[in-house]
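The block underneath contains the structure these notes are about, expressed in structure tokens.
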Amino acid sequence: MILTKTVYNTVSKKYDTKVAEVPLGVGNSNIQTVKVTYGSWKYTNIAIGKSALAFTLDWVGPQAVVSKLATIFRVSAKVANGFIAGLALNTAGFGDRIANYLDKNHNGWIGLYQRWKKDTSFKNGLVAQNITYTEWKTE
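Numbering-wise (my numbering), the sequence shown opens with residue 732 and increments by one.
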């Protein structure tokens with residue numbers, strides 16, 4: 732690991748930089764670490780009214796929702812159906828229940844937010860892999 736320290740020298744009126752190299756894991760050449768960095772949540776300017784979503788979901792029916800969930804998340808219809816059943820949404824009014832669940836701040840709108848997440852793997856002090864994800868949430 733390389734440590735850098737910059738200090739203002741009041742006598743010379745200049746900045747002095749000191750660099751120190753600290754060995755990590757003496758005797759182990761397979762040190763692997765991961766650094767995770769998150770971006771801030773940002774509003775995507777995409778929102779739908781809670782009532783409009785509930786009406787649409789009631790109109791298309793539970794099985795259409797199951798099939799779309801299976802397609803979007805690349806899971807089997809059985810898994811998607813389990814998700815719907817797990818939230819007790821297979822009964823009448825399931826559109827209202829989904830809309831209420833997604834409207835986390837209870838303002839009548841379901842807004843879509845995103846942020847990025849970056850995983851950087853280091854092996855022996857060198858970057859081994861960079862993976863950037865996009866995370867989504869509703870409010």
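The beta-carbon is built from N, C-alpha and C at its ideal position, and this holds for glycine as well.
As for any beta strand (DSSP E) of minimum length 3 sitting wholly inside the segment 767-803, the runs are 773-780, ordered along the chain. Put simply, of 746, 743 and 750 the residue whose alpha carbon is nearest the alpha carbon of residue 733 is 750. According to the DSSP secondary-structure assignment, residue 852 is paired through a beta bridge with 765 and 860. If you check the CB distance, residue 840 and residue 778 come in under 7 Å. Our two residues, residue 845 and residue 798, have alpha carbons roughly 24 Å apart in a direct line. Within the model, the alpha-carbon separation for residue 745 versus residue 752 is close to 23 Å. Put simply, the segment 825-839 does not touch the segment 848-858. Fewer than three CB pairs are less than 8 Å apart. With a threshold of 16 other beta carbon atoms within 10 Å, residue 826 meets it and is buried. The three-state reading of DSSP puts residue 810 in helix, counting H, G and I together. Between residue 848 and residue 864, the CB-CB gap stays under 7 Å. When DSSP states are grouped into helix, strand and coil, residue 839 belongs to the coil group.
Boundaries for residue 834: no alpha helix (DSSP H) harbours it, and the DSSP string shows neither H nor E there.
A residue is called buried when at least 16 other Cβ atoms come within 10 angstroms of its Cβ; residue 830 meets this threshold and is buried.
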